[in-house]
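Novice: I'd like to ask you about the structure that follows.
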Amino acid sequence: MDEQTEPALGSASDLQQSALGGAGRFDDLLTYIEAGGSVVMILIAMSVFALAIILLKLWQFQSTRIGERRQGLQAVAFYRQGRVREALQSLQNARSPLSQVISLAIQGQSRGDVPEQKVREEVMRYGNSLLEDLRSGFRPLEVIASLAPLLGLFGTVLGMIEAFRQLEQAGNQVNPAILSGGIWAALLTTAAGLAVAIPVVAILNWLERRVERTAHAMEDAITQVFTQSLAGGLERSPADNPADHDQEGSTNASAGIHAIAAGE
């Protein structure tokens, strides 16, 4: 009976110690927030806002399948082989930005009643719109990544001023604990600012890189769609070869897409 009671008592004791430890950590967190003052509160609000944007962007990238390229590249291969119907069928229900742009370009090229220059302009406009939508929310993250360290440094300066003011008021009764405690509280805001800025900068660069890769894939695919007739026109003279004009228009379209991806 005693052997069965001892483990139960030990388990209850472990749970109690764990609860006390959790409460102690929570109390320490409240102490840090109180020591940091309003600056730490602002940094916490900024971190919550940044986290909300990051989660929203991750959901957007996942739902649009931004990394899916095989379906679009297969459609381009079909189109360059003259299998237009198969190319369009392979792009049905496509959700990735690359596949949507390729589908629009192939449909425009296949109609025959729309000038090719207008098709290029519409594809460029649509691609830029998709990329701009992918980049939405990046600017607030950039602002948070830039302001968080500065705000933390500002809190440190205010804390140091307060610490030296208290040291001056102490006069001859100087207590080193006053200065050390003030410096500790002041440096806390700098640490909080860096803790907010570092992950935001890292995640923002990763998100921007994914958009840039999508823009590059769009540029390459659009060029292939609009220059698919080059293989049959290599024997023409430069003056009679419309491929030069096609390549120029395609370059302008892809340049516009690349500029949007770069945030210009």
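Using this note's numbering, you'd call the opening residue of the sequence shown number 105 and step up by one each time. Even glycine gets a Cβ: it sits at the ideal position worked out from N, Cα and C.
(1) Rounded to a whole number of angstroms, what is the C-alpha to C-alpha distance between residue 218 and residue 226?
(2) Would you identify the three-state DSSP class for residue 260, choosing helix, strand or coil?
(3) Determine the direct distance from the alpha carbon of residue 156 to that of residue 196, and round the result to whole angstroms.
(4) Under a Cβ-count criterion, where at least 16 other Cβ atoms within 10 Å of its own Cβ denotes burial, should residue 224 be classed as buried or exposed?
(5) Just verifying my parser: in three-state terms, what is the DSSP assignment at residue 173?
(6) Assign residue 218 to one of three DSSP states: helix, strand, or coil.
(7) So what does DSSP say about residue 195, is it helix, strand or coil?
(8) Cβ of residue 298 within 9 Å of Cβ of residue 252?
(9) Can you tell me whether residue 186 is helix, strand or coil according to DSSP?
(10) Terminal residues of the continuous alpha helix (DSSP H) containing residue 331?
(11) Can you check whether the CB of residue 146 is closer than 9 Å to the CB of residue 307?
(12) If you reduce the DSSP assignment to three classes, tell me which class residue 241 lands in.
(13) Please report the distance separating the alpha-carbon of residue 267 from that of residue 260.
(14) With DSSP run on the structure shown, which of helix, strand or coil describes residue 142?
(15) How would you call residue 212, buried or exposed, if buried means at least 16 neighbouring beta carbons within 10 angstroms?
(16) Looking at residue 325 and residue 170, is the spacing between their C-beta atoms short of 9 Å?
(17) Residues in the same chain with beta-carbon distance under 7 Å from residue 291, minus the five sequence neighbours each way, listed in chain order, please.
(18) Which class does residue 200 belong to by DSSP, given the choice of helix, strand or coil?
(19) Rounded to whole angstroms, what's the CA-CA distance from residue 77 to residue 231? Just pull it up for me.
(20) Under the assumption that residue 182 contacts residue 200 (Cβ atoms under 8 Å), give the Cβ distance between them as a whole number of angstroms.
(21) Classify residue 341 as helix, strand or coil using the three-state DSSP reduction.
(22) Classify residue 323 as buried or exposed, calling it buried when 16 or more other Cβ atoms lie within 10 Å of its own Cβ.
(23) How would you label residue 263, buried or exposed, when you count the other beta carbons within 10 angstroms and need 16 or more for buried?
(24) Taking the alpha carbon of residue 192 as the reference point, which residue from 185, 179, 186 has its own alpha carbon closest?
(25) Alpha carbon to alpha carbon, how far is residue 249 from residue 237?
(26) Under 9 Å between the Cβ atoms of residue 204 and residue 234?
Specialist: On the basis of the supplied data:
(1) Locating residue 218 in the sequence shown gives position 114, counting from the first residue. Locating residue 226 in the sequence shown gives position 122, counting from the first residue. Using only the alpha carbons, I get a separation of about 11 Å.
(2) Counting from one through the sequence shown, the residue named residue 260 turns up at place 156. The answer is helix: DSSP assigns residue 260 an H, G or I state.
(3) Working through the sequence shown from its first residue, we reach residue 196 at position 92. Working through the sequence shown from its first residue, we reach residue 156 at position 52. Cα-Cα distance, rounded: 32 Å.
(4) If you number the sequence shown from 1, residue 224 lands on position 120. Label assigned to residue 224: buried.
(5) The sequence position of residue 173 within the sequence shown is 69, counting from 1. Residue state, collapsed to three classes: coil.
(6) Here residue 218 is taken as the residue at index 114 of the sequence shown, counted from 1. DSSP places residue 218 in coil when its eight states are reduced to three.
(7) For this step, residue 195 is matched to residue 91 along the sequence shown. DSSP places residue 195 in coil when its eight states are reduced to three.
(8) Taking the sequence shown and counting its residues from 1, one reaches residue 298 at position 194. Taking the sequence shown and counting its residues from 1, one reaches residue 252 at position 148. In this structure, residue 252 lies closer than 9 Å to residue 298 by Cβ.
(9) Translated into the one-based positions of the sequence shown, residue 186 becomes position 82. If DSSP states are grouped into helix, strand and coil, residue 186 belongs with coil.
(10) Stepping through the sequence shown from its first residue, residue 331 is reached at position 227. Segment: none, residue 331 is in no alpha helix (DSSP H) and carries neither H nor E.
(11) Position 203 of the sequence shown, counted from the start, is the residue given in the question as residue 307. Position 42 of the sequence shown, counted from the start, is the residue given in the question as residue 146. Not in contact: residue 307 and residue 146 (Cβ atoms no closer than 9 Å).
(12) For this step, residue 241 is matched to residue 137 along the sequence shown. Residue 241 falls in the coil class under three-state DSSP.
(13) For the purposes of this step, residue 267 is taken as residue 163 along the sequence shown, with counting starting at 1. For the purposes of this step, residue 260 is taken as residue 156 along the sequence shown, with counting starting at 1. One C-alpha to the other measures close to 10 Å.
(14) One-based indexing of the sequence shown puts residue 142 at position 38. In the three-state DSSP reduction, residue 142 falls in the helix class (H, G or I).
(15) The residue given as residue 212 occupies position 108 in the sequence shown. Its Cβ being crowded by 16 or more others within 10 Å, residue 212 is buried.
(16) Along the sequence shown, one-based indexing puts residue 170 at 66. Along the sequence shown, one-based indexing puts residue 325 at 221. Going by C-beta atoms, residue 170 is not nearer than 9 Å to residue 325.
(17) On the sequence shown, residue 291 is found 187 positions in, with the first residue counted as 1. Cβ neighbours of residue 291 beyond the five flanking positions: 260.
(18) Translated into the one-based positions of the sequence shown, residue 200 becomes position 96. Residue state, collapsed to three classes: coil.
(19) An answer regarding residue 77 cannot be provided, because it is not within the stretch 105 to 368 covered by the chain.
(20) Against the sequence shown, residue 182 aligns to sequence position 78. Against the sequence shown, residue 200 aligns to sequence position 96. Actually they are not in contact, since the Cβ atoms of residue 182 and residue 200 sit about 17 Å apart, beyond 8 Å.
(21) In the sequence shown, counting from the first residue as 1, residue 341 sits at position 237. Low per-residue confidence applies at residue 341: pLDDT is 37, beneath 50, and the placement is therefore not dependable, though the value from the model is reported in the following sentence. Correct three-state label for residue 341: coil.
(22) What you label residue 323 is simply residue 219 of the sequence shown in a count that begins at 1. Burial call: buried.
(23) Your numbering for residue 263 matches position 159 in the sequence shown. Under this definition residue 263 is a buried residue.
(24) Position 88 of the sequence shown, counting from 1, holds the residue named residue 192. When each option's Cα is compared against that of residue 192, the closest is 179.
(25) Locating residue 249 in the sequence shown gives position 145, counting from the first residue. Locating residue 237 in the sequence shown gives position 133, counting from the first residue. Each residue's alpha carbon lies about 21 Å from the other.
(26) Here residue 204 corresponds to residue number 100 of the sequence shown, with the count starting at 1. Here residue 234 corresponds to residue number 130 of the sequence shown, with the count starting at 1. Taking 9 Å as the Cβ cut-off, residue 204 and residue 234 qualify as a contacting pair.
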